[in-house]
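Chains as they are written, first to last, in this note's numbering: chain P, 1 to 356; chain L, 1 to 310. Every residue gets a Cβ at the ideal spot worked out from N, C-alpha and C, and that includes glycine.
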Amino acid sequence: MRRILNRLRTAGGRLRSAVSSDGSNEREVATDGGATAAVGDRRRDTIRDSLPVEWELIESAPFWLPPVLLAGFFVYGAIFWNAIISLTDFNGLGEPSYGSLDFSMYARMASDGAFWHAAQNTVVLLVVFTVFCLALGLLVAILIDQNIRFENTFRTVYLLPMSLSFVVTATMWAWVYNASNGVFNQLLRALNLEGLVITLLKPAAVNASTVQWLSWHTTALGAVIFALIWQFSGYAMVVFLAGLRAIPTEHYEAARVDGASTVRMYLRVIIPQLRASAVSASVVLMVFALKAFDFIFALRGDQPGANLDILATMMYRMAFSSLEWAYGSAIAIVLFVLALLVIGPYLYSEYQRGEL
Amino acid sequence: MSTESRNPIDTLQRMENSRIGLYVVLLFGLVFYLFPVETAFMTMFKTQTSFATTVPFAPPSADGFTLAALTEAWNTLRPGLVNSLIMAVPATLLSALFGSLTAYGLTTLDWRGQIAVVVLIIAGIFIPYQAVLVPLSQFWYQILPGLANGFVNTLFGFYTNGNWVYPSRNGYVQLFQLSVTHAAYGIPICTLLFRSYYQSISSEMIEAARLDGATAFSIYKNIILPLSLPMFAVTLIYQFTQVYNDLLFALVLVNSPGSQVATQKLAALTGGVIQSFNTTMAGAIVAALPTLLVYIFFGEQFAKGVAGET
Chain P
1 MRRILNRLRT AGGRLRSAVS SDGSNEREVA TDGGATAAVG DRRRDTIRDS
51 LPVEWELIES APFWLPPVLL AGFFVYGAIF WNAIISLTDF NGLGEPSYGS
101 LDFSMYARMA SDGAFWHAAQ NTVVLLVVFT VFCLALGLLV AILIDQNIRF
151 ENTFRTVYLL PMSLSFVVTA TMWAWVYNAS NGVFNQLLRA LNLEGLVITL
201 LKPAAVNAST VQWLSWHTTA LGAVIFALIW QFSGYAMVVF LAGLRAIPTE
251 HYEAARVDGA STVRMYLRVI IPQLRASAVS ASVVLMVFAL KAFDFIFALR
301 GDQPGANLDI LATMMYRMAF SSLEWAYGSA IAIVLFVLAL LVIGPYLYSE
351 YQRGEL
Chain L
1 MSTESRNPID TLQRMENSRI GLYVVLLFGL VFYLFPVETA FMTMFKTQTS
51 FATTVPFAPP SADGFTLAAL TEAWNTLRPG LVNSLIMAVP ATLLSALFGS
101 LTAYGLTTLD WRGQIAVVVL IIAGIFIPYQ AVLVPLSQFW YQILPGLANG
151 FVNTLFGFYT NGNWVYPSRN GYVQLFQLSV THAAYGIPIC TLLFRSYYQS
201 ISSEMIEAAR LDGATAFSIY KNIILPLSLP MFAVTLIYQF TQVYNDLLFA
251 LVLVNSPGSQ VATQKLAALT GGVIQSFNTT MAGAIVAALP TLLVYIFFGE
301 QFAKGVAGET
């Protein structure tokens with residue numbers, strides 16, 4: 001991999017030297033490390049790469065090309081197709097009128113209150129879920145890293161929810177949040193806190209004697225986020241634990257010798273070194289959050305206009321229940337752009353660091 | 001722990017105290033991560049009247065213990081479980097094999113431009129599936145039958161009364177479509193998992209084999225494949241969990257009741273206003289059973305797959 005990246009870099013250097021020699025700025029060429037390295041590399045490249053690369057490419061293509069094409073068709077072909085459909089007025093009957101490219105679906109989106117509500121919910125879910133998962137995962141990882149007994153048991157249980165499907169966890173949490181005798185409300189009742197929570201969280205114009213966690217607009221999104229944190233904080237824990245284990249013990253010892261307290265040692269020395277783990281974990285968590293469709297769908301079916309709408313559920317309802325396929329496609333494109341905003345910078349930085 | 005304490009026994013005592021606190025916190029975590037599962041497990045064995053009157057996470061009383069809810073959930077979900085396995089096992093095997101081959105081409109073989117393919121494939125992991133749903137259903141329900149119609153005279157099979165009866169609404173065909181779809185969308189993540197593994201294989205071995213005149217295929221078959229068996233275990237476990245747990249693709253691609261998968265059956269049991277939580281909890285446990293078993297027996301490999309995703 002390193003070799004390929006080096007080759008890419010020298011190719012870039014060559015390109016730059018070609019450009020700058022045109023512009024007659026000789027000093028820039030001389031100080032350009034990539035350009036000088038390219039001279040040495042060029043000879044080696046021609047010998048190494050004259051025939052074998054082509055030979056490998058042609059001979060090995062039957063193995064890797066079909067999967068690449070299959071994935072490429074299903075992923076990028078489908079997204080491109082989706083973008084085209086979003087520019088039509090396709091309603092699911094017959095063929096989309098591919099010729100007419102109009103942006104009316106996007107205009108409709110801009111003035112659609114339900115869309116903005118779903119978009120707002122998506123962003124809140126994305127940010128709150130990711131931040132709390134990271135914080136909880138980091139805390140648990142640090143606790144587990146203290147040379148404790150039964151470490152395997154703790155790790156196994158903490159990661160267990162991740163092996164369950166969204167549908168299963170949604171079913172379980174529907175019972176936990178149940179208004180009349182779910183776990184939370186029984187707990188509140190036992191602690192004599194139910195009245196207090198109702199006065200704090202009850203939306204205006206609602207008359208209720210129990211907390212309706214999943215149907216009040218004040219609590220619904222928070223309840224979903226809490227359950228998702230339960231399901232995926234174990235993932236953040238695993239990633240952080242791997243990061244912690246990669247830090248040399250000398251760093252801990254050095255901090256100890258300097259007389260730093262445990263809290264200070266973690267805040268000043270250890271946690272700053274977990275940046276890479278935090279970045280990769282948060283990217284994956286955000287993607288989970290964007291895909292939280294299964295959870296919300298299982299929780300309340302395909303009902304429209306609820307407080308729990310996120311872009312993913314709204315897209316599905318538009319395309320497959322209301323048969324507004326073009327509008328659904330347009331929402332899907334917004335969702336895709338949102339995902340690109342998350343993963344684009346991440347992939348770019350990984351590429352820059354030579355990690356790909 | 002801290003430097004100002006002079007008495008070593010004092011320090012030890014304080015360390016012990018802080019460790020007790022540590023274990024208390026960890027046990028609290030245990031309760032936090034287990035209570036919904038435990039609640040579901042307990043509710044599953046309760047009668048209709050007792051689940052409404054008892055504490056959710058308390059075990060059923062002796063006279064309130066019943067297997068009726070479990071039996072009902074099992075009977076409802078069993079066809080879904082079978083369909084899920086029919087769909088998920090081939091999809092898992094295929095995407096793991098494809099991932100291995102792609103990673104081989106993108107790692108150990110040395111060709112220009114592969115970094116671009118790598119970036120595109122890895123980006124494919126993070127695609128929200130909503131962005132492909134409409135074309136996907138168009139592809140399976142319109143384009144493919146249309147193409148099949150074009151070849152109607154050259155293919156045999158479902159051609160009756162002058163019409164090409166493309167069995168797209170037939171149960172097993174829907175499962176097949178779902179399986180192929182999952183196999184295709186599993187390629188990116190499987191490629192990434194295998195790729196990070198293949199990057200650690202020394203290239204000298206492959207160079208040597210090549211000097212001996214080995215072809216790309218024989219290198220894969222004789223060197224790479226045997227070496228990657230442990231990674232196959234990790235990938236298969238991870239990918240099986242992903243495919244089995246999916247609801248979205250199944251909702252779009254499978255609509256005949258006979259071929260609905262387990263997650264769909266459970267979502268149907270749950271959706272809307274739930275009346276009998278003992279049955280839905282039993283359903284949740286039954287539907288979770290395959291991945292729970294995988295997790296219990298291959299927890300380590302599952303964790304590796306999860307961590308390898310980064």
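Span separating the alpha-carbon of residue i from that of residue j
i                 : j                 : result
Asn82 of chain P  : Leu97 of chain L  : 28 angstroms
Val283 of chain P : Thr76 of chain L  : 38 angstroms
Thr46 of chain P  : Met315 of chain P : At Thr46 of chain P, the pLDDT of 42 sits below 50, so the modelled position is not reliable; the number obtained from the coordinates is stated separately. Their Cα atoms are separated by approximately 52 angstroms.
Leu274 of chain P : Gln120 of chain P : 30 angstroms
Ala170 of chain P : Asp110 of chain L : 46 angstroms
Leu193 of chain P : Asn181 of chain P : 15 angstroms
Thr156 of chain P : Glu72 of chain L  : 30 angstroms
Arg78 of chain L  : Phe51 of chain L  : 24 angstroms
Trp164 of chain L : Thr219 of chain P : Only weak support is given to the placement of Trp164 of chain L: the predicted model assigns it a pLDDT of 47, under 50, and the question is left unresolved by the model.
Ser100 of chain P : Leu87 of chain P  : 7 angstroms
Tyr327 of chain P : Asp89 of chain P  : 8 angstroms
Thr280 of chain L : Thr270 of chain L : 6 angstroms
Gly72 of chain P  : Ile79 of chain P  : 10 angstroms
Ile315 of chain L : Arg149 of chain P : Nothing about residue 315 of chain L can be reported from this structure: the residues present for chain L run from 1 to 310 only.
Ile142 of chain P : Val25 of chain L  : 12 angstroms
Ser349 of chain P : Phe277 of chain L : 48 angstroms
Leu34 of chain L  : Ser111 of chain P : 44 angstroms
Asn153 of chain L : Tyr141 of chain L : The predicted position of Asn153 of chain L is uncertain, since its pLDDT is 41 and thus under 50; a value taken from the coordinates is nonetheless stated next. If you take the alpha carbons of Asn153 of chain L and Tyr141 of chain L, they lie about 20 angstroms apart.
Glu300 of chain L : His251 of chain P : 28 angstroms
Residue i: CB within 7 angstroms of a non-hydrogen atom of the ligand COA
i                 : result
Ala339 of chain P : As for the ligand COA, it is missing from this structure, which has no ligand bound.
Contact check, residue i vs residue j, beta carbons under 8 angstroms
i                 : j                 : result
Val119 of chain L : Leu244 of chain P : no
Tyr235 of chain P : Val294 of chain L : no
Ser233 of chain P : Gly137 of chain P : yes
Trp213 of chain P : Pro56 of chain L  : no
Val211 of chain P : Ala179 of chain P : yes
Trp325 of chain P : Val254 of chain L : no
Thr263 of chain L : Ser203 of chain L : no
Leu193 of chain L : Met231 of chain L : yes
Ala278 of chain P : Phe166 of chain P : no
Thr181 of chain L : Thr241 of chain L : no
Leu221 of chain P : Asn307 of chain P : yes
Val37 of chain L  : Met105 of chain P : no
Val252 of chain L : Phe74 of chain P  : no
Tyr129 of chain L : Phe249 of chain L : yes
Ala91 of chain L  : Ser179 of chain L : yes
Residue i - DSSP class collapsed to helix/strand/coil
i                 : result
Phe41 of chain L  : helix
Lys46 of chain L  : strand
Phe158 of chain L : Confidence at Phe158 of chain L is low in this model, with a pLDDT of 48, below 50, so the placement of that residue should be treated as unreliable; the coordinate-derived value is given next. Coil.
Phe65 of chain L  : strand
Glu207 of chain L : helix
Val101 of chain P : Residue 101 of chain P is actually Leu in this sequence, not Val. Reduced to three states, the DSSP call for Leu101 of chain P is coil.
Leu338 of chain P : helix
Asp89 of chain P  : coil
Gln212 of chain P : coil
Gln199 of chain L : coil
Leu274 of chain P : helix
Lys265 of chain L : helix
Gln303 of chain P : coil
Asn185 of chain P : helix
Anticipated Cβ contact below 8 angstroms, residue i with residue j, distance rounded
i                 : j                 : result
Ile122 of chain L : Leu347 of chain P : 7 angstroms
Leu125 of chain P : Ile229 of chain P : Contact doesn't hold; Cβ gap of about 11 angstroms is too wide.
Leu30 of chain L  : Trp64 of chain P  : Incorrect: roughly 45 angstroms between the Cβ atoms, too far for contact.
Leu290 of chain P : Leu338 of chain P : 7 angstroms
Gly186 of chain L : Gln239 of chain L : 5 angstroms
Met286 of chain P : Val334 of chain P : Rounded, the Cβ-Cβ distance is 15 angstroms, inconsistent with contact.
Val238 of chain P : Leu159 of chain P : 6 angstroms
Pick from the options that is closest to residue i, judged by C-alpha positions
i                 : options                                   : result
Phe41 of chain L  : L:Leu225, L:Ala282 and L:Val89            : L:Ala282
Ala287 of chain L : L:Phe302, L:Phe232 and L:Leu81            : L:Leu81
Gly354 of chain P : L:Asn245, L:Leu70, L:Ser50 and L:Ile115   : L:Ile115
Gln174 of chain L : L:Ser259, L:Val234, L:Ser228 and L:Arg210 : L:Ser259
Phe240 of chain P : L:Ser256, L:Ala303 and L:Leu266           : L:Ala303
Leu70 of chain L  : L:Met44, L:Arg112 and L:Ser84             : L:Met44
Val96 of chain P  : L:Ile143, L:Tyr197, L:Phe126 and L:Leu93  : Note on residue identity: the sequence assigns Pro, not Val, to residue 96 of chain P. It is L:Ile143 whose Cα lies nearest to the Cα of Pro96 of chain P.
Ala223 of chain P : P:Ala330, P:Leu191, P:Phe295 and P:Leu57  : P:Phe295
Within chain A, the residues that residue i reaches when beta carbons sit closer than 9 angstroms
i                 : result
Asn255 of chain L : As a matter of chain content, chain A is missing from the structure shown, whose protein chains are P and L.
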